Amino acid sequence: MLLFGLSWLPLSASAEPGKPLVVIDPAHDGSDKGVRFSDDVYEKDVTLAIARSIQKELSPIQNLRVQLTRDSNRAVSIRDREQFVRNAAPDLFISLHINAGFGKKASGFEIYFPGFKGQAQSENKDSSVILTDMARNKHLNDSVRFAYILQKNLEQVFPRKGRGLREAAVPVLEGIAKPAIVIELGFVSNAEDKKQLLDKDIQLAIAKAISKSIKELF
């Protein structure tokens, strides 16, 4: 569940020029378990399972690098996660979350993209600031384009359950002009969503839909 920003990490990213880097963030870890499915299953477990499947689906693609912010339940500080993302400067950042609340009837997936309220043209800005604004707007457009691709493919897994695309503040990405999205995959507070998200076949279908979307983008 997305609360106050994004949750990130592994502390280094190998650079391979010419190969786009996709960073997948399975939200929560360690004692920060996220929303609860049962006594022994939490959001952190489901998002990690899906993230691992995405990495496995994309591993045969030689011209693409995929890295997870975590591959275990080891706890890592927010500061270290933020530093990792800034250093890695991924070409695409995807954070996986699971929703809760809004009553038992609320269901379906939501896709968030980071908003940018700056304007490229302004008499009060020098050329370097204008160029920075233009770059951010380009990557905002890329984020929205990817969000539409992803929505289309996830609707094949969850027909008529898309709740739309939404703009959200993503503080940790401030200063990094790269495409980024957050996916809320469903509501643990909804019985049908909860059952689907615990289903290993559905988890794999979600991973395949996200992987397909990444391949379509690149």
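In terms of UniProt numbering, the numbers along the sequence shown are unbroken and rise by one, the last being 218. Glycine is no exception: its CB is placed at the ideal position from the N, C-alpha and C atoms. Please read all numbers here as calculations on a predicted model, not as lab measurements.
If you compare alpha carbons, which of the options is closest to residue i?
{"i": "isoleucine 210", "options": "Lys152, Ser38, Gly164", "result": "Lys152"}
{"i": "leucine 165", "options": "Arg145, Pro159, Lys195, Arg36", "result": "Arg145"}
{"i": "phenylalanine 102", "options": "Glu57, Ser189, Gln196, Lys208", "result": "Ser189"}
{"i": "serine 72", "options": "Ile214, Asp201, Glu167, Val46", "result": "Val46"}
{"i": "aspartate 142", "options": "Asp91, Val157, Asn99", "result": "Asp91"}
{"i": "histidine 97", "options": "Phe84, Tyr42, Lys138, Pro114", "result": "Tyr42"}
First and last residue of the alpha helix (DSSP H) that includes residue i?
{"i": "glutamine 55", "result": "43 to 58"}
According to the neighbour-count rule (16 or more other Cβ atoms, all chains shown, within 10 Å of its Cβ), is residue i buried or exposed?
{"i": "serine 31", "result": "exposed"}
{"i": "arginine 70", "result": "buried"}
{"i": "phenylalanine 187", "result": "buried"}
{"i": "arginine 36", "result": "exposed"}
{"i": "alanine 75", "result": "exposed"}
{"i": "aspartate 39", "result": "exposed"}
{"i": "isoleucine 56", "result": "With the sequence shown as reference, residue 56 is identified as lysine, and isoleucine is not the correct amino acid for it. Label assigned to lysine 56: exposed."}
Measuring straight from C-alpha to C-alpha, what distance separates residue i and residue j?
{"i": "glutamate 110", "j": "leucine 185", "result": "7 Å"}
{"i": "alanine 88", "j": "valine 23", "result": "9 Å"}
{"i": "serine 53", "j": "leucine 204", "result": "7 Å"}
{"i": "glutamate 167", "j": "isoleucine 149", "result": "16 Å"}
{"i": "phenylalanine 158", "j": "alanine 49", "result": "18 Å"}
{"i": "residue 268", "j": "lysine 138", "result": "Here the chain comprises residues numbered 1 to 218, so residue 268 is not present and cannot be evaluated."}
{"i": "isoleucine 94", "j": "alanine 27", "result": "10 Å"}
{"i": "glycine 162", "j": "alanine 147", "result": "12 Å"}
{"i": "lysine 104", "j": "glutamine 196", "result": "15 Å"}
What span of residues does the beta strand (DSSP E) with residue i cover, start to end?
{"i": "aspartate 193", "result": "That residue, aspartate 193, is in no beta strand (DSSP E); its alpha helix (DSSP H) goes 191 to 198."}
{"i": "alanine 180", "result": "180 to 187"}
For residue i, which residues does DSSP report across the bridge?
{"i": "glutamate 155", "result": "DSSP output for glutamate 155 lists no bridge partner at all."}
{"i": "arginine 166", "result": "Tyr112"}
{"i": "valine 22", "result": "Val66, Leu92"}
{"i": "aspartate 80", "result": "DSSP lists no partner for aspartate 80."}
{"i": "arginine 36", "result": "Tyr42"}
{"i": "asparagine 137", "result": "Answer is none; asparagine 137 lacks a bridge partner."}
{"i": "asparagine 73", "result": "None; asparagine 73 has no bridge partner."}
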